[in-house]
Every structure is written in C-alpha cells, then in structure tokens.
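Those protein sequences? They're chains A and B, same order as listed.
The opening position of the first sequence corresponds to residue 0 in numbering that gives the first Met the number 0, with each subsequent residue numbered one higher.
The opening position of the second sequence corresponds to residue 0 in numbering that gives the first Met the number 0, with each subsequent residue numbered one higher.
Backbone N, C-alpha and C fix where the C-beta goes; we use that ideal spot for every residue, glycine too.
What follows is a set of notes on a single structure, which appears directly below.
There are 2 protein chains.
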Amino acid sequence: MDKNEASDGAEKREGKYWIGFDLGGTKIQCTLFDNELKQVDFKRRRTKSELGEKGLLERIASTIERLLDDCDISKKQLAGIGIGCPGPVEWEKGIVRVAVNLGWENVDVADFLKKRFDCDVEVLNDVDAGVYGEYVAGAAKGSRTAVGIFPGTGIGGGCVYAGEIMRGKVLTCMEIGHAKINGSSRLGGSGMRGTLETEASRLSVASEISKLAYRGEAPYLLEHSGTDIREIRSKAISEAIENGDKEVKRVLEEACEMIGYAVANTVLMICPDVVVLGGGLVEAMPDLFEEMVGKVARKHVFECYRDEFKVKIAKLGDDAGTVGAASWVKRMAEK
Amino acid sequence: MDKNEASDGAEKREGKYWIGFDLGGTKIQCTLFDNELKQVDFKRRRTKSELGEKGLLERIASTIERLLDDCDISKKQLAGIGIGCPGPVEWEKGIVRVAVNLGWENVDVADFLKKRFDCDVEVLNDVDAGVYGEYVAGAAKGSRTAVGIFPGTGIGGGCVYAGEIMRGKVLTCMEIGHAKINGSSRLGGSGMRGTLETEASRLSVASEISKLAYRGEAPYLLEHSGTDIREIRSKAISEAIENGDKEVKRVLEEACEMIGYAVANTVLMICPDVVVLGGGLVEAMPDLFEEMVGKVARKHVFECYRDEFKVKIAKLGDDAGTVGAASWVKRMAEK
C-alpha cells in the first residue's frame, strides 16, 4: 500500500500488522510490517539508555505508538511485536537477563509490552533476530543451519538450527564473541581474556591500528582520523587500506584469521551450511572478510567438512533485526 | 526373559528386537535389546580393521547373526539396527565418510546392513550414539541439550539438542576434539594444531607424562609403567597420582583446564544444560575431572551462564554407544 495514501487518512488500513523492533545500544529501529511481512514504514531514533529502565521502556512503547499512528493503524490491528534486545534473554518469559550497554538487569520486556499493546510478544536476542532475518530473507535463505558472526564494538553471534533459533534451556545462546580463541592476555568487556572479541572486534582492531598511527606506520589513517579510537570507525579503516596503509591491512587480515578460526570451530561443532558475516566492519570491507575468513576456516576444519559450508556476507544491513524479529513473532503466533 | 531358557531352545522368543552396535577402532560391542529396550545379551570382539572394508563389514554382520542365533531370535524378528561408527557420517544415507582408524572412506554401511538383514538401519557417529545413550538412560537424562566430551586417544564429542542428535545438512558434527583451543604448535592426527585433542587427549597427556618419567619427576610412574606411551594408560596415570606423583597431577589438571575452556565455549555457543564427561581417562579420575572442568568452565563463561549448566560424569560406561544406537533406530523407525 502506498504510504502517502495512508498518511492522508483518506483510507483506513485494514488487516493485521506486525512490529519488528531492533533495540540497539546506540540506536532503535522500529519497523511496521503487513501480514505478508512487507515493510510498511519504519522509525529510527537514538536509544537514550540514560533514561533508565522505565524511561527506555516508555521510549520503546511510544516509538511503536507513533509509528502505528503515522500509518493509521489502530492498536487492535497489531497482531504481534518481535523485539531484539542486546544481551542474553530468558526466551520463554521474555526477560532480558542483562544488557550491559543499556544498564539493564532482569527487565521483563514481554510483560511490559503485552500489557501496553495486548498482542503477542516475542523477546529475542538482537543478533539472533538479525541472523533469523538473514535466514528468512537474506544471505542464509534456504540453508538448514545458519550461523551469523557480526563484528562491531564487540562480536555478536546467532544461530538458526533446522529452522529454529538455537537456544539454551532458559537463555538465548551463541555468544561467540565471548568464546576463548587463543592464549592472549587481552581482557574483554566480559571479564574474559583471549576471546574472539578481544582479538577481532572493531574496538580491538581500532586499538591496534591507533598504535600504528602513533608510530607513523599508517600515514593515511593518521592524517585523516588521528589516533583516537573513537574516530577510527569502519569506514576510516577501509579508506586507509584503499589508500595504501599496508600495516592497517595486516591488522585486518589478522582479525579475519581469528574469525576464520571461530568459523572453523563452529563448523566442527554445529556444521552450519551457511556462515553469514555482517556488521559495520564487514560491510566496509566485504571482499576481504568473505575471502579471508572462508580461506582460514576451510584450512582449519577436518578435511571432509571443507566443502560443507559457505561463508557469505549479510544482505539485509540494518533491516536484518527488524525483519527477523517480526518474522519470528508471526511464526510463533501462528504455530 | 531368562537367557538360559532361550538358549535351551525350549521356548522360542517372540516379539520385536533391536540391535545396538558400537564399532570402535579397537573393539566391537553388539547388544541385543527387546522391544522395551531391555538388554537381552551382547557380544564383544576385537575390531580387526586389518580385514579391510569388506572383511570388516562381514565381521559386523556375522557378529549380529551369531548374537541372534545365540538368543534364538530369527532375522524376521529383528526390527532395526543402530550402529555407531568412528568418524563423520552422512546421516541420511548412512555412509561413513571417513574413519581413519578403520582405513575406511565412503563406506555405505546402511546399504550393506539393509540388504543383509532387511530391517531399519541407522548409521550414527559413535560418540553421538554414546551421548544419545547418556541422554536417554544415563547422566544426561531429562536434559534439554546435552553435550558429551569423551577424552581418549583423541577427544570425541556429541550433542543432543532438544531431543535430537545435532547434525549438519549432510554430515554428523560436534567434532570438538579438532576445534582450535589455543596457539600451541602441537600437531594433531587431523593435521591441525593447538586443538582440544592435541592439548588434552590421553595420548597428549601420556606424551607429556613420559617426559616427566624420563626426567625422574614422576618416580611412581617410571617404576610401574616406564617411559613408553603405549604403557601409560588411564589406570597407570591415576595410580601414579594416587601414589604421590605430583607433577603427573599437574599435567592432568592442565588437561582439565583445556577441557574446561572447551566446555565454556560450548556453553557460550550452544548452552547445553548438561555436559557429560566420559571415556577411559575420565573414568579413571572422575572426581578430578568433574570438579576441575566444572570450575574452569564456570570461570570462563559470561556471568549469567554460570548456573545454567552442570558438568556430570557419564554413567553407562561401555554400554552408552549400544544403548544410544538402539534407542535412536527404534525412535526413527517409530516416527
């Protein structure tokens, strides 16, 4: 349906609608889908975790209400809300166990949203939602088992196993960023050392590269971004590589190698047929990641697994989480 | 039913029967179960992989035939055969892709057994069968997700996820022994370095300990077992520890630490509620493994996962594989 038509109020929308909500540490994306899961409209806002637990929950609800209002959809037409949250989630109850970036502990998101909207609610881990999105409509479409690895400030992971989001008895899982990958003494935000994210996240890469800039070994980066790791973003890194900073490329290749080991371990353990790489760092340098991670992973699996998986780049970008969350709540509601 | 009664031939057995077969690299166990999966009788033999592919398949078949014959069961009463084989298996087809210890490559075990016995056949990875056995009748009974880690010459792994044996699109998986765990340059039988089994298998432990014996740092072990790693078996290791060889204990604790890291990674990725440790090395020192592996694993998971899993010692011993294989084929046949 044409958006302007609805906004004019000339014609009331009919039928069922679904919300896919992606609650990130820094930004919110709230997307309205029709009953065929076609995107109707969306809102993006800053997260504002400084509002505190109640304030942020209220912000989530008001974002949904405003989007419904903008699109002339009544609350009664809302069949369900799927929301991806950063951190381990008690999936049956819909409680976010801990979300460091939001300052949340044991927040009952499902209860709050059900009371406010009187519809089906599914609370997912945000990366699980993203991987499920790639599974239903992106790079992992048609796979039996898909694992997603998304390097950002940390490294998020998710897994769809035989059509279901992989989960523990109580909590969501696939926290691959916190898995130990080597004997390095680098300490991660999780309090653990030598994990995938202490070795290969954007934050870890930026920190390595800042030293290169300081020592004059990354002249382009030094000139354009300086030595403050807050300024060494994914785009700055890929531009430095394109403009001849060879040492920067080496650091990225080493990060790809670490992710390659993690993919190899995942193949040996779960044997996904598709591994999806996504997130800002990957999107800035898709060819480097796809080629190098695949090469290292194939080299480090037991021989007969070598041709049993493909490494692919995510397709849905920022929409993966909302598509996944909405698809999941619709699927669970219709079960 | 009383075994002697049947052997006398005084009374023919009635009903359906199931075979659980454990094809190991060195020994075979073939167990007959009644339709309630109660054990009727079993045979143990050496594997004799030197017979070659055809010779070994024939040995498998004749072992089953002799056991049926001993128990006065006709071939027609045999409803199904579940067989665990060492190595990755194409599970839908029942083909063993590769079994290094048997010298096998692409052996169609299902086809051979179906033609010979005209019954349902399920070919499983041997460790998957063992973990499924522990899941239906042993240490992991009642769990949602169970992962088994069995240190032997190598380190085998298996996973039952939400009641199903975890599998890839084509191959069986959970080859946790080949997963990279650190930056060690030790080379494993798989051609990979720094894997769980290069760091913590019985073979790896025996090799470390042989150096201690050589240097006089493990006097009890040196006196009773010498420095030949073929003589440094699980029992010899546990006896040396009991008799005061402190350095031997240190090596074992280091192996437990490595397995603890592997358990932590597994919890972060799959979140099993039960992790079962088994195999000769564990059975010789169950308390050491249960306590140390659990302690290290709990320390190396993201905090909220700390109380979401238990490390337990396997209960079924050598019967886990046959119980699991028979239970699985019966379950699949009745689906």
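Residue environment: Thr25(B) is assigned as exposed (fewer than 16 neighbouring CB atoms within 10 Å of its CB, all protein chains considered). In this chain, the beta strand (DSSP E) harbouring Val120(B) covers Asp119 to Asn124. Under a 10 Å Cβ-count criterion, Lys75(B) is classified as exposed, with fewer than 16 other Cβ atoms of the shown protein chains found around its own Cβ. Between Val250(B) and Ile240(B), the CB-CB gap reaches or exceeds 7 Å.
Cβ-Cβ distances below 7 Å link Asp40(A) to Lys2, Leu31, Leu66, Asp69 and Cys70 in the same chain, with the five nearest sequence neighbours on each side left out; the list follows chain order. For Val95(B), no Cβ of chain A is located within less than 7 Å of the residue's own Cβ. Counting only runs that start and end inside the region 198-273 of chain B, the alpha helix (DSSP H) elements of at least 4 residues fall at 201-213, 218-224, 233-241 and 245-268. For Asp318(B), the closest alpha carbon among the candidates Val99(B), Ala205(B) and Ile82(B) is that of Ile82(B). Here Ile72(B) has Arg12 and Tyr16 as same chain residues with Cβ atoms under 6 Å from its own Cβ, once five neighbours each way along the sequence are excluded. A direct Cα-to-Cα measurement between Met173(A) and Asp125(A) gives close to 11 Å. In the DSSP annotation of this structure, Arg297(B) is not part of any beta strand (DSSP E); the continuous alpha helix (DSSP H) holding it starts and ends at Pro285 to Lys298. Sixteen is the threshold: when 16 or more other Cβ atoms of the shown chains lie within 10 Å of the Cβ of Met257(B), as they do, the residue is buried. Taking 7 Å as the cut-off, the beta carbon of Ile154(B) is found no closer than this to the beta carbon of Ser189(B).
The beta carbon of Arg297(A) sits closer than 7 Å to those of Arg305, all from its chain and outside the five residues before and after it, given in chain order. Look at the beta carbons and you see the region 206-214 of chain A not touching the region 158-173 of chain A: under three pairs across the two are nearer than 8 Å. Around Ser224(A), no beta-carbon contact reaches into chain B at under 8 Å, the shortest distance being about 31 Å. Within 10 angstroms of the beta-carbon of Met268(A) lie 16 or more other beta-carbons, which makes it buried. Ile231(A) sits away from Ala254(A), with the two beta carbons spaced by 7 Å or more.
Here Ala178(B) carries a coil assignment [DSSP, helix/strand/coil]. For Ser184(B), the CB contacts under 6 Å within the same chain, skipping 5 residues up- and downstream, are Arg192 in chain order. At a beta-carbon threshold of 9 Å, none of the residues of chain B lie near Ala98(A); the nearest stands roughly 11 Å away.
Across the structure, Lys179(A) and Gly259(B) are spaced so that their CA atoms are roughly 11 Å apart.
Look at the beta carbons and you see the region 83-99 of chain B not touching the region 137-146 of chain B: under three pairs across the two are nearer than 8 Å. Under the Cβ criterion of 7 Å, Met331(A) is not counted among the residues facing chain B. Non-local beta-carbon contacts of Ser237(B) in its own chain, meaning distances under 6 Å to residues more than five positions away in sequence, involve Ala283 and Met284 in chain order. By the rule that beta-carbons nearer than 7 Å mark a contact, Phe32(A) does not touch chain B.
A Cβ-Cβ distance of about 4 Å is found for the pair Gly279(B) and Ser233(B), placing them in contact under the 8 Å criterion. In the three-state reduction of the DSSP assignment, Trp327(A) falls in the helix class, which pools H, G and I. In the DSSP assignment, the residues bridged to Asp40(A) are Leu31(A). Contacts with chain B at 7 Å (Cβ-Cβ) include Glu307(A). Assigned with DSSP and collapsed to three states, Ala98(A) falls in strand.
At a cut-off of 7 Å between C-beta atoms, Asp127(A) does not count as an interface residue with respect to chain B.
Where Val146(A) is concerned, the enclosing beta strand (DSSP E) starts and stops at Thr144 to Pro150. For the 7 Å CB-CB criterion, Gly19(B) and Thr321(B) form a contact. Taking a C-beta cut-off of 9 Å against chain B, the contacting residues of the region 276-310 of chain A are Lys298, His299, Val300, Phe301, Glu302, Cys303, Tyr304, Glu307 and Phe308, listed in chain order. For Lys114(B), the uninterrupted alpha helix (DSSP H) run begins and ends at Val108 to Phe116, by DSSP.
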